[in-house]
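S.K.: Here it is: the structure, laid out below.
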DNA sequence: GCCAGCGTTTCAATAATTGAAACGCTGCTG
DNA sequence: CAGCAGCGTTTCAATTATTGAAACGCTGGC
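Chains as they are written, first to last, in this note's numbering: chain A, 746 to 988; chain B, 746 to 988.
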């Protein structure tokens with residue numbers, strides 16, 4: 746295990762914890778002496794990735810925010826999608842979000858939340874599973890080489906169980922041009938998703954996520970039509986065919 | 746120089762560059778052999794802080810976005826300020842932003858941009874100098890122990906030149922309860938800022954930034970009144986005295 | 001078909017990491 | 001108020017990971 750790994754362990758630990766961590770606790774959690782933890786933190790503090798409060802406790806630093814925003818800002822797909830997602834979210838009052846594959850994994854790149862008291866609120870940058878989500882099925886259908894499909898973890902009773910069942914579902918998705926996911930990943934959560942196709946390639950997917958009860962009320966037809974429309978709108982924008 | 750420093754050099758370099766970097770170029774810029782760069786990047790890639798595209802080129806990874814958002818989300822001041830800044834920005838059509846001191850430096854924590862074709866667009870997480878900004882003067886006036894004042898870099902002809910001149914300016918700021926900065930940092934940029942005071946402590950500052958010409962048109966009185974009002978509104982919110 | 005350049009791997013020489021111990025300090029306690 | 005426990009920090013010989021030239025397999029251009 747390299748020194749860098751240890752430093753990143755510390756960085757992620759600090760980022761996960763809401764409140765500041767004492768050096769001794771941090772060292773204990775990382776399984777290293779305080780002196781090592783201290784030396785590892787020094788370069789992180791120097792660059793603002795970690796900070797010390799008045800009592801000497803450590804927390805994640807602001808430079809992380811700047812780094813993260815750099816990543817976000819250079820994603821043309823996210824900037825193209827944002828207004829489209831916001832329009833759709835305002836129209837239906839439900840959460841719309843953009844997911845893309847990066848390094849074989851699906852990550853949430855942009856979102857526009859709905860206005861319900863109970864609503865889907867994905868975290869930007871978070872990963873979602875492949876085999877148990879509408880977006881995952883779209884990737885399996887249109888660009889399987891961009892995602893890695895690991896073992897089929899069972900999240901809910903509705904989660905697809907066998908490779909065979911998944912394959913036939915993916916075939917259906919490919920044929921119809923959109924995908925849904927009703928409580929296959931999380932109980933109570935229903936999602937409809939549509940592919941963003943451009944230059945003959947799958948660039949990402951737009952998803953509408955809501956409570957199953959409201960999803961039923963909206964109707965599968967309306968929901969899928971809305972995500973397909975949004976996905977096509979984004980595809981037009983990234984091709985520059987809309988100002 | 747520690748290994749961690751080198752890894753962070755690589756990370757910041759990747760974050761700064763818009764497009765993907767080749768390993769050889771990255772190694773050249775960091776002044777190390779390709780093999781070292783490669784080994785340093787491995788743990789970064791493993792955790793998603795860096796990514797490789799299909800051609801093997803490296804770029805900043807999505808995990809950075811997640812880390813950065815963690816930092817942002819645990820800042821109660823930013824969430825409290827956001828709606829206030831947005832209201833103010835919508836009212837005047839100018840950019841309002843929130844700045845706080847962290848580890849002796851001033852960082853932009855939240856913002857709401859105006860709608861002008863030419864408008865201030867600070868980057869979240871970016872640093873601003875102490876001696877040449879309205880916010881810096883507020884900190885020098887109300888909480889000098891929270892900022893480190895290094896040598897007085899000369900940014901424009903209007904930048905304050907001597908410690909003595911700065912001191913008297915700071916005295917005036919302390920007496921009037923707000924600060925301005927007309928082209929002392931950047932040519933064409935004028936700012937008015939007000940302190941967010943809570944629990945007898947300076948928690949941060951609200952700033953209105955615009956082009957000098959429009960700042961003059963708005964009028965110093967209107968501008969300062971608006972930032973003072975916004976700052977007081979935020980102070981009320983963080984004290985829970987407004988729902 | 002060749003060459004140049006890429007990302008990656010290897011391995012002995014080297015330089016940084018390690019962690020127990022000690023330091024100065026703070027806050028609690030008998 | 002003295003004693004103590006725990007904190008963040010610093011130190012330094014023993015250890016271990018880092019280093020970088022060289023070579024590998026590969027791709028794309030000439």
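Yeah, the Cβ is synthetic: ideal placement off N, Cα and C, and Gly gets one too. All of these numbers come straight from a predicted model, not from anything done at the bench.
(1) Give the interface partners of residue 748 of chain B over in chain A, defined as CB-CB distance under 7 Å, in chain order.
(2) Have a look at residue 775 of chain B and residue 837 of chain A and give me their C-alpha separation to the nearest angstrom.
(3) Tell me, please, whether the CB atom of residue 785 of chain B is closer than 8 Å to any CB atom in chain A?
(4) CB residue 795 of chain B to CB residue 805 of chain B, shorter than 8 Å?
(5) Could you check if residue 758 of chain A belongs to the surroundings of the ligand SAH, using beta carbon to heavy atom distance under 7 Å?
(6) To be precise: take each residue of the region 807-834 of chain A, compare its Cβ to all Cβ atoms of chain B, and keep it if any distance is under 8 Å. Which residues remain?
(7) Going by the beta-carbon positions, is the gap between residue 887 of chain B and residue 789 of chain B smaller than 8 Å?
(8) Looking at residue 851 of chain B and residue 881 of chain B, is the spacing between their C-beta atoms short of 8 Å?
(9) Which residue from A:923, A:929, A:893 puts its Cα closest to that of residue 910 of chain A?
(10) What whole-angstrom Cβ distance do residue 811 of chain B and residue 847 of chain A have, given they're in contact under 8 Å?
(11) Please list the residues of the region 862-892 of chain A that have a C-beta atom closer than 8 Å to any C-beta atom in chain B, keeping them in chain order.
(12) In the region 950-976 of chain A, which residues sit with their C-beta less than 8 Å from some C-beta in chain B, listed in chain order?
(13) Distance, Cα to Cα, residue 821 of chain A vs residue 912 of chain B?
(14) Does the Cβ of residue 988 of chain B have 16 or more other Cβ atoms within 10 Å, making it buried, or fewer, making it exposed?
(15) Going along chain B, which residues have a C-beta under 7 Å from residue 852 of chain A?
(16) Tell me the start and end of each unbroken alpha helix (DSSP H) in the region 912-968 of chain A that is at least 4 residues and wholly inside, in chain order.
(17) Would a check of beta-carbon distances place residue 848 of chain B closer than 8 Å to chain A?
(18) Could you tell me whether the Cβ atoms of residue 866 of chain A and residue 830 of chain A are closer together than 8 Å?
(19) Quick one: what does DSSP say residue 887 of chain B is sitting in, helix, strand or coil?
M.R.: With the given structure in hand:
(1) Scanning chain A for C-beta atoms nearer than 7 Å to the C-beta of residue 748 of chain B yields 748, 749, reported in chain order.
(2) Taking the Cα positions, residue 775 of chain B is about 50 Å away from residue 837 of chain A.
(3) yes
(4) yes
(5) Annotation note on the ligand SAH: not contained in the displayed structure, which lists no ligands.
(6) Here the close residues are 807, 808, 809, 810, 811, 812, 813, 814, 815, 816, 817, 819.
(7) no
(8) yes
(9) Among A:923, A:929, A:893, the Cα nearest to that of residue 910 of chain A belongs to A:929.
(10) Actually they are not in contact, since the Cβ atoms of residue 811 of chain B and residue 847 of chain A sit about 12 Å apart, beyond 8 Å.
(11) 868, 869, 870, 871
(12) none
(13) 46 Å
(14) Per-residue confidence for residue 988 of chain B stands at a pLDDT of 46, beneath the threshold of 50, marking its modelled position as unreliable; the derived number appears in the next sentence. So residue 988 of chain B ends up on the exposed side.
(15) 807
(16) 957-963
(17) yes
(18) Judged by their CB atoms, residue 866 of chain A and residue 830 of chain A are not nearer to each other than the 8 Å cut-off.
(19) helix
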